[in-house]
Structure formats: structure tokens, C-alpha cells
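K.L.:
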Ligand code: SF4
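In this note's numbering, the protein residues as written are 1 to 221.
Set out below in C-alpha cells:
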């Protein structure tokens, strides 16, 4: 067992933006925006632990899960335990049906937790997109598992070092609730200025064209 368990949500945050992950899980900062509020609304139905039986499956909501091998802990929104033995996690997300890598990483981590807990393979799961009320099935294949385990290692390193990564400063920032706190444009502009200053004042970096040396005015040597 690894001492510090990583929350499954940290993998999703890191896969979206490493700096967002550090702000939330290292600096303990959080803020709401329209996207986080929609996310909360999407989870409202599945946030309370609940079990139900339907024809062909037992449905568990808000099921606590963990994986000792990778040191993970969290909750699954929904897990279907089907009568044929299939274990099938379903993660609720706001917005229309679309593939997003960070959602798939989180689902793969849930699948690995369920495999360890039930000793059953979990080869598939789904993202339920609340706005369109459609499922997107995800194959928990070897490449996705490898990317998820890479995320686990990167998050563990970041948490241990307490490091705040540089901002991504791209289209992801438009939907990020931490934009005001993160200030991606200002931090990135500061990075560019620092880099320019190093270039200008580093004696080992030649400037081109060479600076012109004007002849000394007459009468001066
Ligand atoms: S504003 Fe951009 S760089 Fe900052 S945490 Fe959010 S996504 Fe990452």
C-alpha cells in the first residue's frame, strides 16, 4: 500500500491541466464557475450512496473505490453489477456527448480500482453526458491504462514536490474556474519577459546581426 492515496479527481484535474491539479490539490484552492456548477448539477442524482436492483443488474451509486497497487481512492458515480458477472462503471459529466481524454483517464482509474476490489476484469465503462442524456462507451484498453498510470506517477511526483506547474495558457483556460486565481496570461507574459532578459544579458548568447561599433568621433581615441 502506498502511503498517500491520490484522489481519482486529481487524475482528471491533472489530465486537464497540471497547474489546475496543483492549485486544487497542493494549494487547496477552489472556485466555482458555470462549468463547475453544471458539473455539480450533473452529479446531483448520483452523489448520495444508493443501491437499486433492476432486471439484470444491481446498480450502486456513489460507490467508494480504491486501488492499493496504485494508491488511489475515490468514488464511482454509478457501477452496474450485471447478472452475467460484468462490472461496468458509469461516470456522469455535464455537457453534450464528446470525447475528452481527462474523462477517459478518470474512468480507467475507476475500472482499475473495481478490478482490484472485485477480482473481475473491467474492460469497458461509459461516460454519461447529462445534457444529451447519451452514454459514450469507453474501452479500457492497454494504451489508456498506460496513460492513466503515467498520470498517477506524475501526480504523485507533483504532490510530493509541492510544485506549481506553469500555466497552459490555451483554450482550456476559457472553461477553467480557477482562471482568476491562476492568471495564465500574466504568468506566461512574465515567463516570456524573463526568457528575453536571459537572452539579452547572457554573455554566451551572440546577438545577430552584431552590434555596430561606430568609429570614435574625431579628436577622441
Ligand atoms: S486557467 Fe488555464 S493554466 Fe490556469 S489552471 Fe486553469 S486551465 Fe490551467
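Glycine included, C-beta positions come from ideal geometry on N, C-alpha and C.
From the DSSP secondary-structure annotation, give me the bridge partner or partners of residue 126.
P.N.:
Its beta-bridge partners are 90, 137.
K.L.:
Can the beta-carbon of residue 10 be found closer than 8 Å to that of residue 71?
P.N.:
Cβ atoms of residue 10 and residue 71: not closer than 8 Å.
K.L.:
Would you please verify whether the beta carbon of residue 149 is less than 8 Å from any beta carbon of chain D?
P.N.:
This model lacks chain D altogether; it includes just one protein chain.
K.L.:
Does residue 127 pass the burial test, meaning 16 or more other C-beta atoms within 10 Å, or should it be called exposed?
P.N.:
Classification of residue 127: buried, given that the 10 Å Cβ count is 16 or more.
K.L.:
Can you give me the Cβ contacts of residue 187 inside the same chain, cut-off strictly under 8 Å, excluding the 5 residues immediately before and after it?
P.N.:
Here the set comprises 166, 167, 169.
K.L.:
Drop a sphere of 10 angstroms on the beta-carbon of residue 8, count the other beta-carbons inside from all chains shown, and report buried for 16 or more, exposed for fewer.
P.N.:
Flag for residue 8 reads buried.
K.L.:
Once DSSP output is grouped into helix, strand and coil, what is the label at residue 39?
P.N.:
Residue 39 falls in the helix class under three-state DSSP.
K.L.:
In whole angstroms, what is the alpha-carbon distance linking residue 1 and residue 192?
P.N.:
Low confidence applies here, because residue 1 scores a pLDDT of 46, under 50, leaving its location unreliable and the question unanswered by this model.
K.L.:
Is it buried or exposed for residue 37, if we count other Cβ within 10 angstroms and need 16 for buried?
P.N.:
So residue 37 ends up on the exposed side.
K.L.:
Here's the rule: buried if 16 or more other CB atoms are within 10 angstroms of the residue's CB, otherwise exposed. What is residue 18?
P.N.:
Residue 18 comes out buried.
K.L.:
Around the ligand SF4, what residues have a beta-carbon under 5 Å from a heavy atom of it, in chain order?
P.N.:
Residues with a Cβ closer than 5 Å to any heavy atom of the ligand SF4, in chain order: 17, 19, 20, 167, 168, 172, 173, 176, 178, 179, 182, 184.
K.L.:
Considering only the beta carbon of each residue, do residue 58 and residue 78 sit closer than 8 Å?
P.N.:
Cβ atoms of residue 58 and residue 78: not closer than 8 Å.
K.L.:
Excluding the 5 residues flanking residue 221 on each side, which residues of the same chain have their C-beta closer than 7 Å to its C-beta?
P.N.:
In this prediction, residue 221 scores a pLDDT of 43, lower than 50, which makes its location untrustworthy; the coordinate-derived value is nonetheless stated afterwards. If we look at residue 221 and ignore the five residues flanking it on each side, it has no Cβ neighbours.
K.L.:
Less than 8 Å separating the beta-carbons of residue 118 and residue 90?
P.N.:
No, the pair does not count as a contact, with Cβ atoms beyond the cut-off.
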